[in-house]
Amino acid sequence: MRRLLITGFDPFGGGTVNPSWEAVKSLPDRVGEWELCKLAIPTVFGTAAELVLKRAEEFRPEVILCVGLAGGRDAVTPERIAVNIRDARIPDNAGYQPCGEFVVPGGPAAYFSTVPVTEMARAIRDAGIPAAVSNTAGTFVCNDVLYTILNRYAGTEVRAGFIHVPRLPEQGEPNLPLEKTVAALIAAIKVL
Ligand code: PCA
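Last residue of the sequence shown? That's 927 in my numbering, and every number before it is there in order.
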């Protein structure tokens, strides 16, 4: 079996649920040739990425795929890029609100994700679910996690990516039902 570490976030910004963890925890333990290790992480700068890296040291995944909520998006969006900036419109779950800091001082401006984002978006659409490649993961905790992981595993065999998902129906418009978000993740995992 190939090993995949897959993560979802806790609720943030006053929300009571985060579809990213709801979907990740609903995934089967095996998807195609992949054995999944599922991890819930807090929406906290630095800490979230540290927890992913710690789990990765133990589980030794071939791929790390993080999932987060992008309220306002109407499609499932694999992220192409992570940038070396922390710039938060709202405080994270530890009350921290950085303005224009680096994720990794002295690090490169950006990294490309090392999973096949175009194929992932196509596979999700082929499953009948709206999807598109996104060229920005924002500058909040999701970008922070993706940048930190790509920086840690740059030049190694370990690949890393990020998928932003829409809100759940009970969170308002636009949204995607949970079972469709789960199906989208399964479709994306199969083409990793
Ligand atoms: N989305 C936020 C952080 C946690 C989450 O699910 C983001 O897009 O940065």
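For each residue, glycine too, the CB sits at the ideal point set by N, CA and C. Keep in mind that this is a model prediction, so the values were computed, not measured.
Between which two residues does the beta strand (DSSP E) carrying residue i extend?
i    : result
T742 : 737-744
V811 : Looking at the DSSP string, V811 is not in any beta strand (DSSP E), and its letter there is neither H nor E.
E792 : It is not in any beta strand (DSSP E) - E792 instead sits in the alpha helix (DSSP H) that spans 782-794.
Check the DSSP bridge columns for residue i and list the partner residues they point to.
i    : result
W769 : R737, V766
F847 : I816
A895 : I799
V900 : L804
S755 : None, per the DSSP bridge assignment.
A866 : V811
E836 : R821
I921 : Looking at the DSSP assignment, I921 forms no beta bridge with any residue, so it has no partner.
L774 : T742
N828 : Per DSSP, none; premise fails for N828.
How would you call residue i, buried or exposed, if buried means at least 16 neighbouring beta carbons within 10 angstroms?
i    : result
E814 : buried
R737 : exposed
C834 : exposed
R795 : exposed
P763 : exposed
M875 : Going by the sequence as given, residue 875 is Phe instead of Met. Result: buried.
N878 : buried
D827 : buried
A889 : exposed
F847 : exposed
Could you give the residue range of the alpha helix (DSSP H) that holds residue i?
i    : result
E905 : E905 -> no alpha helix (DSSP H), and no H or E assigned at all.
D879 : 876-888
T853 : 852-861
Legend entry - Residues whose Cβ lies closer than 7 Å to any heavy atom of the ligand PCA, in chain order: F744, F747, N753, S755, T778, G803, L804, A805, A872, G873, F875, V876, C877, N878, H899
Inset, instruction - Mind the definition here: the region 911-921 touches the region 820-831 only if three or more C-beta pairs lie below 8 Å; say whether that holds. - result: no
Inset, instruction - Mind the definition here: the region 828-840 touches the region 871-890 only if three or more C-beta pairs lie below 8 Å; say whether that holds. - result: yes
Legend entry - the region 746-762 / the region 788-795 touching (three or more Cβ pairs under 8 Å): no
Inset, instruction - Say whether the region 768-775 touches the region 803-818, bearing in mind that this needs 3 or more beta-carbon pairs closer than 8 Å, one atom from each stretch. - result: no
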